[in-house]
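Undergrad: Residue numbers (the UniProt record's numbering): 1 to 583.
Note that the Cβ used here is the ideal one computed from N, Cα and C, for glycine as well.
My questions will all concern the structure given below.
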Ligand code: ARG
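Spelled out as structure tokens, the structure:
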């Protein structure tokens, strides 16, 4: 681990233990980036009170214990420790990182089995923007965990079961299988649903048929199941188009929708009832997990079997937890789902713990996803107030990217930008997806954010296209110089301040990847990559690379370029943001 902040934390902790006794070995030294040095440690202030000594004295004692430190330490003000790392240390760490195929990112040992529940659109309606962010954030978490050596099991918990399927199947029969399949494959699921719904509300005979169809579906009637499959296959084909466009790693093998749990629901309820965890209340079978009360202070029920005998969303999730822990052997379960389901998951997790289905050794975490808002600060909608279709939204991002690229080409034609039509379309796709994905990832996942295409697609600021551009620019250095970047492995030597700042920044990569994974916060990786691209921009403005006359300096700068490129590429890939060769 080369992250300077972590290295410093350990060093100062050792110094604390030597100066004041082993009981201080795990005190937080409060290392923070500083204006006056690389970092400052503020621990002397807080420790002084407890030790009944002056902060200045405490700081001096810590500094004295850090005499072998590879840099300089100064005590300033009332008792801050200003820490500047030695260039030789940064150089040697950077060289090690350059030689390390993992770029300082560790692996988790023993590896964990991580079940990630994400995307999970509802098949009864068309996939809409609400599922965009759960898909994108979940996919990044899957990539991060795999990179750290964990076994990831993706679970796409599709909404593919329940009462609406009665009317959907009847509507499918009415319009004919083939017409229905065409419509669903083309992403007209909402229209299909609305047509079925309209008949259901207006036509008594249709309503009766739809209700009867729910029963035959639930009883496992082969003909009805076949029709259900026809409906689902066409719907999933459309979902896959969206996944392909987005470049997410979900496949058909990851589909584990609500229907999969249907055969387990009765036993789920029976077992809970037999254990006394579930009780009948007002005709419904309910679990009352401890600690949940309604506005009237009465215990809040989690209904697992309605009074009409039907099972619900919670029943399925309880069956799913049991399956994931018992059959999939999950150590950690991440549910990447909208904020508004927070109470549902808290209650489901508590009920599962109560039932003994979620042992202490396993964790279940709701990775709460904040809502995407329109520019008016309300839920994102079309002008006519309907929910925006995902395909339309993605296509508009690609179109916007294409327009921007054409503008740039016209404004500043370079040999590098003489694309053919195919390359141009590829770049527009990569930039459009980067814009949408990065915007979702770069704010903390539980925050709401405003969907603003112009800002997201911009090539400047904290955006996906800016980071893509930063890495493409480094590639073009190697291309122009006719240099194979794999050969840029000469020692990194620090001269100019911008070289030093870039090298120091690069060393933090491993720590940020591990941290973002542990906390399910890809936005930390985004912030890090943005800071890295900015440090590179400063370096590139101040330090000539190809034009540098001194061969050792030139080689060192090329090595810095190569290392930055690998960090940006790897980081973007962990976010699921495509990295185009040129742009
Ligand atoms: N289909 C659900 C929805 O759109 C999300 C499912 C999330 N996963 C789960 N295990 N409940 O709201």
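How is the alpha helix (DSSP H) around residue 326 delimited, first residue to last?
TA: The residue labelled residue 326 in the question sits at position 326 within the chain shown. Residue 326 -> alpha helix (DSSP H) spans 313–326.
Undergrad: Given 6 Å as the limit, tell me if residue 339 has its C-beta closer than that to any heavy atom belonging to the ligand ARG.
TA: The count along the chain shown starts at 1 and reaches residue 339 at position 339. Every heavy atom of the ligand ARG is 6 Å or more from the Cβ of residue 339, so no.
Undergrad: Between the Cα of residue 584 and those of 136, 162, 153, 64, spot the shortest distance and give me the residue it belongs to.
TA: Outside the displayed range of the chain (1 to 583) lies residue 584, so it cannot be described from this structure.
Undergrad: Where do the N-terminal and C-terminal ends of the alpha helix (DSSP H) with residue 389 fall, by residue?
TA: Here the question's residue 389 lines up with position 389 in the chain shown. Premise fails: residue 389 is in no alpha helix (DSSP H) and is neither H nor E.
Undergrad: For residue 62, which residues in the same chain have their Cβ closer than 7 Å to its Cβ, ignoring the five residues on either side in sequence?
TA: As a first step, residue 62 is located in the chain shown; it is residue number 62 there, counting from the start. The residues are 12, 15, 16, 19, 44, 81.
Undergrad: I'd like to know whether the C-beta atoms of residue 134 and residue 369 end up nearer to each other than 7 Å.
TA: By 1-based counting over the chain shown, the position of residue 134 is 134. By 1-based counting over the chain shown, the position of residue 369 is 369. Yes, the pair counts as a contact, with Cβ atoms nearer than the cut-off.
Undergrad: Around the C-beta of residue 480, are 16 or more other C-beta atoms found within 10 angstroms, so that it is buried, or is it exposed?
TA: In the chain shown, the residue the question calls residue 480 occupies position 480. Exposed is the call here.
Undergrad: Taking the alpha helix (DSSP H) that residue 476 belongs to, which residues open and close that run?
TA: On the chain shown, position 476 is the one that residue 476 refers to. Where residue 476 is concerned, the enclosing alpha helix (DSSP H) stretches over 464–481.
Undergrad: Return the first residue and the last residue of the alpha helix (DSSP H) that residue 87 is part of.
TA: As a working mapping, residue 87 is identified with position 87 in the chain shown. Where residue 87 is concerned, the enclosing alpha helix (DSSP H) stretches over 87–99.
Undergrad: From residue 323 to residue 115, what distance separates their C-alpha atoms?
TA: For this step, residue 323 is matched to residue 323 along the chain shown. For this step, residue 115 is matched to residue 115 along the chain shown. Taking the straight line joining both Cα atoms gives about 11 Å.
Undergrad: Let's see if you can read the secondary structure: which residues bound the beta strand (DSSP E) around residue 366?
TA: Locating residue 366 in the chain shown gives position 366, counting from the first residue. Residue 366 -> beta strand (DSSP E) spans 363–369.
Undergrad: At a cut-off of 6 Å, is residue 587 close to the ligand ARG when judged by its beta-carbon and the heavy atoms of the ligand?
TA: Past the boundaries of the shown model lies residue 587; the chain is included only from 1 to 583, so the question cannot be answered.
Undergrad: Answer yes or no: do residue 525 and residue 467 have a C-beta to C-beta separation smaller than 7 Å?
TA: Walking along the chain shown from the start, residue 525 turns up at place 525. Walking along the chain shown from the start, residue 467 turns up at place 467. Not closer than 7 Å, so no.
Undergrad: Excluding five sequence neighbours on each side, which residues of the same chain lie with their C-beta closer than 8 Å to the C-beta of residue 264?
TA: The residue you call residue 264 lines up with position 264 of the chain shown. The answer, listed in chain order, is 319, 322, 323.
Undergrad: Count the other CB atoms, across all protein chains shown, that sit within 10 Å of the CB of residue 32; report buried if there are 16 or more and exposed otherwise.
TA: By one-based count along the chain shown, residue 32 stands at place 32. Residue 32 comes out exposed.
Undergrad: Going by DSSP, what residues sit across from residue 437 in a beta bridge?
TA: Sequence index remark: in the chain shown, residue 437 carries index 437 (1-based). In DSSP, residue 437 forms no bridge with anything.
Undergrad: Got a sec: does the ligand ARG put a non-hydrogen atom nearer than 6 Å to the Cβ of residue 157?
TA: On the chain shown, position 157 is the one that residue 157 refers to. Yes, Cβ of residue 157 sits closer than 6 Å to a heavy atom of the ligand ARG.
Undergrad: Under DSSP, the alpha helix (DSSP H) around residue 490 begins and ends at which residues?
TA: Locating residue 490 in the chain shown gives position 490, counting from the first residue. Unbroken run through residue 490: none, as it is neither H nor E.
Undergrad: Return helix, strand or coil for residue 513, following the three-state DSSP convention.
TA: For the purposes of this step, residue 513 is taken as the residue at position 513 of the chain shown. Looking at residue 513 - three-state DSSP - the assignment turns out to be helix.
Undergrad: State yes or no: is the C-beta of residue 252 nearer than 6 Å to some heavy atom of the ligand ARG?
TA: The residue given as residue 252 occupies position 252 in the chain shown. Residue 252: no, Cβ never under 6 Å from the ligand ARG.
Undergrad: Hey, would you say the C-beta of residue 68 is under 6 Å away from at least one heavy atom of the ligand ARG?
TA: On the chain shown, position 68 is the one that residue 68 refers to. No - the ligand ARG has no heavy atom lying nearer than 6 Å to the Cβ of residue 68.
Undergrad: Return yes when at least one heavy atom of the ligand ARG lies under 6 Å from the C-beta of residue 270, else no.
TA: By one-based count along the chain shown, residue 270 stands at place 270. Result no, Cβ not under 6 Å from the ligand ARG.
Undergrad: Would you be able to state if there are at least three C-beta pairs under 8 Å between the segment 332–342 and the segment 365–383?
TA: The segment 365–383, when compared against the segment 332–342, does touch it at the 8 Å Cβ threshold.
Undergrad: I'd like to know whether the C-beta atoms of residue 441 and residue 246 end up nearer to each other than 7 Å.
TA: Numbered from 1 along the chain shown, position 441 holds the residue referred to as residue 441. Numbered from 1 along the chain shown, position 246 holds the residue referred to as residue 246. Cβ atoms of residue 441 and residue 246: not closer than 7 Å.
Undergrad: Is residue 317 near the ligand ARG, in the sense that its beta carbon is under 6 Å from a heavy atom of that ligand?
TA: Walking along the chain shown from the start, residue 317 turns up at place 317. Yes, Cβ of residue 317 sits closer than 6 Å to a heavy atom of the ligand ARG.
Undergrad: What separation, rounded to the nearest whole angstrom, lies between the Cα atoms of residue 5 and residue 351?
TA: Walking along the chain shown from the start, residue 5 turns up at place 5. Walking along the chain shown from the start, residue 351 turns up at place 351. Spanning the two alpha carbons is a distance of roughly 41 Å.
Undergrad: Would the beta-carbon of residue 139 fall within 7 Å of that of residue 268?
TA: As a first step, residue 139 must be located in the chain shown, where it is residue number 139. As a first step, residue 268 must be located in the chain shown, where it is residue number 268. Taking 7 Å as the Cβ cut-off, residue 139 and residue 268 do not qualify as a contacting pair.
Undergrad: Using 8 Å as the cut-off, can you tell me whether the segment 152–169 makes contact with the segment 224–237, which would need three or more C-beta pairs spanning the two stretches below that distance?
TA: A contact exists between the segment 152–169 and the segment 224–237.
Undergrad: Within the same chain, show all residues whose beta-carbon is closer than 8 Å to that of residue 98, passing over the 5 residues directly before and after it, in chain order.
TA: For the purposes of this step, residue 98 is identified with residue 98 of the chain shown, where counting begins at 1. Within the same chain, residue 98 has close Cβ partners 489, 492, 559, 562, 563.
Undergrad: What is the DSSP secondary structure of residue 583, reduced to helix, strand or coil?
TA: To locate residue 583, count along the chain shown from 1; it is residue 583. Note: residue 583 maps to coil in three-state DSSP.
Undergrad: Under 8 Å: do the segment 544–552 and the segment 175–183 share three or more Cβ pairs, one atom per stretch?
TA: Not touching, per the Cβ criterion.
Undergrad: Could you have a look at residue 60 and say whether DSSP puts it in helix, strand or coil?
TA: Taking the first residue of the chain shown as position 1, residue 60 is located at position 60. If DSSP states are grouped into helix, strand and coil, residue 60 belongs with the helices.
Undergrad: Quick one: grab the DSSP three-state call for residue 42.
TA: Residue 42 sits at position 42 when you count from the first residue of the chain shown. Coil, per DSSP.
Undergrad: Given the structure, does residue 327 come close to the ligand ARG, in the sense that its CB is under 6 Å from one of the ligand's heavy atoms?
TA: Within the chain shown, numbered from 1, the residue matching residue 327 stands at position 327. Flag unset: Cβ of residue 327 not near the ligand ARG.
Undergrad: From the DSSP output, in three-state form, read off residue 199 for me.
TA: Counting from one through the chain shown, the residue named residue 199 turns up at place 199. Helix at residue 199.
Undergrad: Kindly identify the DSSP beta-bridge partner or partners of residue 372.
TA: As a first step, residue 372 must be located in the chain shown, where it is residue number 372. DSSP lists 449 as partners of residue 372.
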